[in-house]
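Undergrad: So the sequences go chain by chain: A and B. Residue numbering for the first sequence is 1 to 428, as defined by our numbering. Residue numbering for the second sequence is 1001 to 1584, as defined by our numbering. Ideal Cβ placement from N, Cα and C applies to all residues, glycine included. Computed from a predicted structure; not experimentally measured. Quick one: the structure is below, and I'll ask about it shortly.
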Amino acid sequence: MALSSSLARLNACWRKKMRVDVAVIGGGPAGLAAAAEASKEASVVIIERNEELGGILQQCIHPGFGNFIFGEMLTGPEYATRFIEKVRAAGVDIMLETTVLEIENKKIIASGRNGIVEIEAKAIILATGCRERTRQQILIPGTRPAGIYTAGCAQRLINIDGVMPGRKVVILGSGDVGLIMARRFTLEGAEVEGVYEIMPKPGGLMRNVVQCLHDFDIPLHLRHTIIDIKGKKRVEGVVVAKVDENLKPIKGTERYVECDCVVLAVGLIPENEIAKKAGVEMDAITGGAIVDEGMETSVDGIFACGNAVHVHDLVDDVTIEAELAGKMAAKYVNGMEERKGLLKVKAGKNVRYVVPQMLRGKDIETIRFSFRVKKEMENARVVVKAGEEVIAERKERIVRPPEMVKILAEAKKIWEIRKEVMVEVEEV
Amino acid sequence: MRDVRIKKKVEKILRKYRAKANVTVEDGIVFIKGTVTSWRKYVEIGKETGRIKGVKGVVNDLEYPGKEKKRKKRGEERVIGKADVVIIGGGVVGCAIARELSKYKLNVILVEKSDDVGGGGATKANNALVHTGIGEKMGTLKQKLCVEGHKMFRKIAEELDVPYEECGMWIVISEDSIAYRLPRILKKFLASYIIPFIILRRAKKLGIEMYKVSKKELLKREPYVTEKAIAAVFSPSYAMTCPFRYTIALAENAMENGVKIMLNTEVVDITVENGNVGKVITTKGAIETKFVINAAGLYADEIASLAGAREYTIHPKKGATLIFDKETRKFLNHSMTLLRLPRIEHYKGGGIMLTVDGNVQWGPTIDEIEDKEDTSVTAEEIERIFKTYEPLMPKFPKKAVIAYFSGIRAASFTEDFIIRAAKKVKGFIHVAGIQSPGLAASPAIAKMVASILQQEGLKMELKKDFNPIRKAPPIPREMDMAERKKLVERDGRYGRIVCRCEEVTEGEIVDAIHSKIPACSIDAIKRRTRAGMGRCQGSFCLPYVAKILARELNIPLEKVKKGGDGSELFIGKAKCLLEEKNES
Ligand SMILES: Cc1cc2nc3c(=O)[nH]c(=O)nc-3n(C[C@H](O)[C@H](O)[C@H](O)COP(=O)(O)OP(=O)(O)OC[C@H]3O[C@@H](n4cnc5c(N)ncnc54)[C@H](O)[C@@H]3O)c2cc1C
Ligand SMILES: Cc1cc2nc3c(=O)[nH]c(=O)nc-3n(C[C@H](O)[C@H](O)[C@H](O)COP(=O)(O)OP(=O)(O)OC[C@H]3O[C@@H](n4cnc5c(N)ncnc54)[C@H](O)[C@@H]3O)c2cc1C
């Protein structure tokens, strides 16, 4: 009852047809920050399919959020609450348990308990987050019993739904999500037999390797993978093996591990089904929308931010990026958007991808380039070039693929040169 | 006379494999007892025996090292019901028979050991094709019933409100088709003229519409098909359905017309009195009956042996299939297979095929296996599927796999359907060896079973009030917008999306749970609604579906199951392990 009455209140704005300046799809940290910022200059609605705002943060009950923005280590729900209060105070309309089905020429069609709603928006911000890569996508052979969960799913089950997925757990993948879940299972009294990682280096932040594995004596098996899952009704065990340079299992290194639960933390994929249907161009490497320096996509008036653009390791970066998207969407709505042209941004030496992928010469003084490196490098020099000219550079003691790198550059310089921009990382 | 000749031939086979064994042959049924040194040999002996002309069944009791001993389960002798006919097995075949018999004034009970119809065997793991019959061996019963079943399918699908789509099928003949060592020019001639000619002649004989197209035309209609194609034959009426929804609809319609369906009920014994079937003893109690229909799939041989009516042994053959993301649908307009010569016996070769839900599937493989329950998919199988079907469509995005599964074919050693009254036990009807195309043939199998019952003396009088129509529950994603809006206004639960990948709503899940045959597990809901069948494979919706199940069934969340007993999703409430530790 409590839930449905609060739902009624939150969905009070609901009408069969709505008009709004800015519609934000997704009420995670990205959607919240974007909405808060846009609401300063425009009318805003947030459409969220879950029963609560906050996105993935609601299930991340560990501390580790907001160090950069608030200078304190908040839990996920605490971090989310700060922004939920902000959007409430700003009078942003909120629709919960409402899923956007599609976007057609700035008209959003969404489905929820109250009905199917059509929202005409002058600008749209996609903040739909990401989904997890599954066991099937990485082709782990074996049977299909109960007890196989993606890490995010397991996290939700324990932290929100209050049930235990298993007693003895094998975790595949040492990204942040895998590491955090190793600790979570241990704290819940389960035995984490080990975390297995196919690559030679852990996939998550160093601080998580220490705080989640070392502090709890959980073994990390690098260059290992699961090659078989056994069990008919529930998981009974897995076969793990070492892999060679080509990531292929090495014969003779197989080992049977008894367990009743397999947790897969094997990567996140930006969620962009509706963006694709709306004709938004995608970046094949990030899996997210291609955006400009103001987070606007290839489709006029459709913006994107957060994990829907590229997977972030820190929520603070999501917030910064989303605030920019919100601000620029409001500008667009108010007819204040400027454009000087179109320049491409390229990933140069040791750079896997760069966001933004293009520049349109918007009214932004400093452009923030976010990117990931291909391989670990110590004493690195990060440079932004326009044509041959270096327009920004910075030294980094170490750059690692799991950690997003950021560098700021002056827009004015770029548009004076008006040449393709390249971000590179070199050893010094 | 014939039996003596068969016996000699079987003895020769046994010598070849150095088996220490005895053979008896009775009226075309071969019984082999003894030992061999390996499971492989056991299979080969069975298959070679099955190929002998005149053999009507092979009961292969050869022992080999490691062979699993059957343990008999205890049943409940207490009589709980009486029926004219008991159908054992609620797969597609059992359910099709149940629906057919529901047209008559009969008291029919169907018993199924798993928690759902179509949830126990091959019916939940196949390729969903309504074959035309062109791929079957000429002159077999399975071909005859497939041709007939295919012709009946559209009407039944309409009556039952289940998907049926004539998506068409290409038989592509390419440079890779002929493995024989022949001069290139001869191969090309064979591929462009002789092979299509033979296929078309067969099609004509069977009354199946088919026509030949040139490479140019093929590539125009299927731009992603291999450049190595030489010619193709097209079958426009080749169709597909949804095996789960079809089976459930058959069962629901049968129930509406008076059939009783007992789930979670395993047959453990069958009594025979004076040469007639008497009681079917199950884990829930005994049912008195005069007629038993054995549609127990992989276990049909064991069921027959309970009644002392063994006429065949079932040897399981596994088939693995890969399912691809809906985004790959654009790579083909019709299903397709690559003809390969020489052909593997009793294998249509598989291919790249569409599904009614808009995915693409590659497969299936075919392999003899020892364990009837081994539905694993191995790394080797995955690789083999890629290797086998890549030559048909080299540019297909192979990375887009979203799921894979194996199903097990219940093959007899004669490799044909065995549908007949038992030779020695009156009232016992075999419906065994129903491997592919069992789904396509199911309507015709059901008709045939009804006529056998009549021949065997069951009084069969048509009901006047048989209602062939069954309405499927609403599927919002398939409705037009205006209709969909109205539905959501009536009941908001059809607006709440639970499975985002397949756009399944809470309303559909609740409907499934409270339907005639209640879906009580995650898998049962998945088969009815597709929740969890999309690209994220339930990693998003599983907690929500589980919670709806718990709420609607009024059970604690931690008791929700993936499938049958023993497949509980969770081990307890959060903190349950900490509490355990504190106690000890
Ligand atoms: C296990 C885990 C641990 C983490 N730990 C840390 C940490 O310690 N510190 C840190 O700083 N960061 C951490 N992060 C990263 C950070 O939380 C994420 O990067 C951030 O939550 C992404 O925000 P988002 O808004 O883009 O996506 P999300 O939080 O995923 O929000 C997207 C929202 O969009 C909604 N949505 C999607 N599609 C639709 C639709 N069609 N209609 C309506 N609504 C829709 C979703 O329901 C969701 O609420 C962690 C992440 C995970 C998964
Ligand atoms: C990989 C693969 C692909 C296929 N593709 C196609 C296709 O595209 N088209 C096509 O037409 N056919 C296809 N087939 C064949 C088709 O799936 C089968 O012929 C069909 O499903 C058989 O149905 P059934 O009812 O006989 O068996 P099942 O579905 O196996 O049903 C038998 C039932 O009996 C129950 N049972 C067993 N023992 C007992 C007992 N003691 N007491 C009570 N109940 C019991 C089981 O639980 C089970 O539910 C395919 C098969 C496979 C394996």
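In chain B, what lies closer than 9 angstroms to S111 (chain A) by C-beta?
TA: Within chain B, the residues near S111 (chain A) are P1476, R1484, V1488, Y1494, G1495, R1496, I1497, E1503, T1505.
Undergrad: To the nearest angstrom, how far is it from the Cα of G1054 (chain B) to the Cα of Y1246 (chain B)?
TA: G1054 (chain B) and Y1246 (chain B): Cα-Cα distance of roughly 36 angstroms.
Undergrad: Under the rule that 16 or more other beta-carbon atoms within 10 Å means buried, what is G231 (chain A), buried or exposed?
TA: Buried, because 16 or more other Cβ atoms sit within 10 Å of the Cβ of G231 (chain A).
Undergrad: Looking at C-alpha atoms only, which residue of B:I1513, B:G1534, B:Q1143 is the closest neighbour of N1554 (chain B)?
TA: If we check each option's Cα against that of N1554 (chain B), B:I1513 comes out closest.
Undergrad: List, in order along the chain, the chain B residues whose C-beta lies closer than 7 angstroms to that of I158 (chain A)?
TA: The answer, in chain order, is A1574.
Undergrad: Measure the alpha-carbon distance for T1265 (chain B) versus M95 (chain A) and round it to whole angstroms.
TA: For T1265 (chain B) and M95 (chain A), the distance between alpha carbons rounds to 46 angstroms.
Undergrad: What residue does the alpha helix (DSSP H) around V993 (chain B) start on, and which one ends it?
TA: Absent from the structure is residue 993 (chain B), since the part of chain B shown begins at 1001 and ends at 1584.
Undergrad: Taking the C-alpha atoms as reference points, what is the distance between K86 (chain A) and A36 (chain A)?
TA: Roughly 6 angstroms separates the two Cα atoms.
Undergrad: What's the gap between the Cα of G1351 (chain B) and the Cα of L1338 (chain B)?
TA: Approximately 7 angstroms, taken between the alpha carbons.
Undergrad: Say whether the stretch 146-156 of chain A touches the stretch 1555-1569 of chain B, bearing in mind that this needs 3 or more beta-carbon pairs closer than 8 angstroms, one atom from each stretch.
TA: Verdict: yes, contact present.
Undergrad: Note down, in chain order, each residue of its chain lying with its Cβ closer than 8 angstroms to the Cβ of A1422 (chain B), except the 5 sequence neighbours on either side.
TA: The answer, listed in chain order, is A1304, A1307, A1309, E1311, F1428, I1429, H1430.
Undergrad: Would you say L1263 (chain B) lies against chain A (beta-carbon separation less than 9 angstroms)?
TA: Not closer than 9 angstroms to any Cβ of chain A, the Cβ of L1263 (chain B) fails to qualify, so no.
Undergrad: Just curious, the beta strand (DSSP E) that D1357 (chain B) is in, first and last residue?
TA: D1357 (chain B) -> no beta strand (DSSP E), and no H or E assigned at all.
Undergrad: Taking three-plus beta-carbon pairs below 8 angstroms as touching, is the stretch 1232-1246 of chain B in contact with the stretch 1406-1413 of chain B?
TA: No, the stretch 1232-1246 of chain B does not touch the stretch 1406-1413 of chain B.
Undergrad: Are the stretch 1342-1358 of chain B and the stretch 1389-1397 of chain B touching, with three or more C-beta to C-beta distances below 8 angstroms?
TA: With the cut-off at 8 angstroms, the stretch 1342-1358 of chain B and the stretch 1389-1397 of chain B touch.
Undergrad: For S1412 (chain B), which residues does DSSP report across the bridge?
TA: In DSSP, S1412 (chain B) forms a bridge with B:I1314.
Undergrad: With K1144 (chain B) as the anchor, note down where its alpha helix (DSSP H) starts and where it stops.
TA: It spans 1141-1160 - the alpha helix (DSSP H) in which K1144 (chain B) sits, taken as one unbroken run.
Undergrad: Helix, strand or coil for K1290 (chain B)? Go by DSSP, reduced to three states.
TA: Reduced to three states, the DSSP call for K1290 (chain B) is strand.
Undergrad: Going by DSSP in three states, K375 (chain A) sits in which element: helix, strand or coil?
TA: K375 (chain A) falls in the coil class under three-state DSSP.
Undergrad: Ligand 1 and T1247 (chain B): does any heavy atom of the ligand fall closer than 8 angstroms to the residue's C-beta?
TA: Not under cutoff, so the answer is no.
Undergrad: May I ask which residues mark the beginning and end of the alpha helix (DSSP H) holding W1039 (chain B)?
TA: Taken as a continuous stretch (DSSP letters only), the alpha helix (DSSP H) holding W1039 (chain B) covers 1039-1051.
Undergrad: Under 8 angstroms: does the beta carbon of D1325 (chain B) sit that close to some heavy atom of ligand 1?
TA: Incorrect: D1325 (chain B) has no Cβ contact closer than 8 angstroms to ligand 1.
Undergrad: When you measure from the CB of A1295 (chain B) to every non-hydrogen atom of ligand 2, does any distance come out below 8 angstroms?
TA: Yes; taking the cut-off as 8 angstroms, the Cβ of A1295 (chain B) has a heavy atom of ligand 2 nearer than that.
Undergrad: Report buried or exposed for S5 (chain A), applying the criterion of at least 16 other Cβ atoms within 10 angstroms of its Cβ.
TA: Legend: pLDDT at S5 (chain A) = 46, less than 50; position of this residue unreliable, value from coordinates given subsequently. Exposed: under 16 other Cβ atoms inside 10 Å.
Undergrad: Helix, strand or coil, according to DSSP, for A121 (chain A) in the structure here?
TA: Three-state DSSP puts A121 (chain A) in a strand.
Undergrad: Grouping DSSP H, G and I as helix and E and B as strand, with all else coil, what is Y1238 (chain B)?
TA: Coil at Y1238 (chain B), not helix or strand.
Undergrad: Run the CB neighbour count on V243 (chain A), radius 10 Å, all protein chains shown included, and call it buried at 16 or more, exposed below.
TA: Burial call: buried.
Undergrad: Under the rule that 16 or more other beta-carbon atoms within 10 Å means buried, what is K1069 (chain B), buried or exposed?
TA: When all chains shown are included, K1069 (chain B) counts as exposed.
Undergrad: Is I1088 (chain B) close to ligand 2? I mean its beta-carbon at under 8 angstroms from any heavy atom of the ligand.
TA: For ligand 2, at least one heavy atom lies less than 8 angstroms from the Cβ of I1088 (chain B).
Undergrad: Hey, could you find the ends of the alpha helix (DSSP H) C1576 (chain B) is sitting in?
TA: First-last of the alpha helix (DSSP H) with C1576 (chain B): 1576-1583.
Undergrad: Take C1576 (chain B) as the anchor and find which of A:A34, A:M164, A:Q59 has the nearest alpha-carbon.
TA: Checking every option, the nearest Cα to that of C1576 (chain B) belongs to A:M164.
Undergrad: Three-state secondary structure (DSSP) at D316 (chain A)?
TA: Reduced to three states, the DSSP call for D316 (chain A) is helix.
Undergrad: List, in order along the chain, the chain A residues whose C-beta lies closer than 8 angstroms to that of L1578 (chain B)?
TA: The answer, in chain order, is E188, G189.
Undergrad: Would you say E1568 (chain B) lies against chain A (beta-carbon separation less than 9 angstroms)?
TA: It does; some Cβ of chain A falls within 9 angstroms.
Undergrad: Which class does A2 (chain A) belong to by DSSP, given the choice of helix, strand or coil?
TA: Unreliable positioning characterises A2 (chain A) in this predicted model, as indicated by a pLDDT of 40, which lies under 50. A coordinate reading is not provided.
Undergrad: Anything in chain A within Cβ reach of C1520 (chain B), meaning under 8 angstroms, just list it in chain order.
TA: The contacting residues do not exist; C1520 (chain B) stays about 14 angstroms from chain A at best.
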